[in-house]
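Contents: one structure, followed by commentary.
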Amino acid sequence: MLLLEAVCAAIKAVFATPERIFFATVLIILALAGGSVLTYRHERDVARTKLTQAQADLVKAQGDNKALAGLVATQNAAVADLEAKAKLRQYQAAKADAEAQAAQSKYTLLAGKIQAQVPGSDQCASLHGLRQTFTTERGKL
915 MLLLEAVCAA IKAVFATPER IFFATVLIIL ALAGGSVLTY RHERDVARTK LTQAQADLVK
975 AQGDNKALAG LVATQNAAVA DLEAKAKLRQ YQAAKADAEA QAAQSKYTLL AGKIQAQVPG
1035 SDQCASLHGL RQTFTTERGK L
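In this note's numbering, the protein residues as written are 915 to 1055.
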């Protein structure tokens, strides 16, 4: 208790008059206000720095996005071109296959006619007819 009484006596000695109490209160309020102003300025400066950095990052990201969009568009166009070429080649291959099958069937028919010929007196007429058929069929190709 002695310590507490000593502290109270010291406070009464320092703040003995109301003017001193008012003056000490004003000093404390000014010190707190000054500290809060310094803290606010520091936080404001940090926020401005972060905002500037974020804006720079945003500009860079927008540029990167535009570049990537251009690359994606180029790749999409290349893929579409390759798909169109593949479809054209597939169509051409199917057409060539159909033409080859048609030609093969004609030659198979002609080969059957050759094998069906009977040797003898009708052989000349058969060969002449076969030659005309072959010439006609070959002209259609």
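Just so it is clear, CB atoms sit at the ideal spot from N, CA and C, and this is done for glycine as well.
Sequence-distant residues of its chain with Cβ nearer than 8 Å to Lys-999 (five each side left out): none
Spatial distance of Ala-924 from Arg-958 (CA atoms): Taking the straight line from one Cα to the other gives about 41 Å.
Rounded straight-line distance, which links the Cα of Lys-1009 to that of Tyr-1021: 18 Å
Put Thr-931 into one of helix, strand or coil per three-state DSSP. Three-state result, Thr-931: coil.
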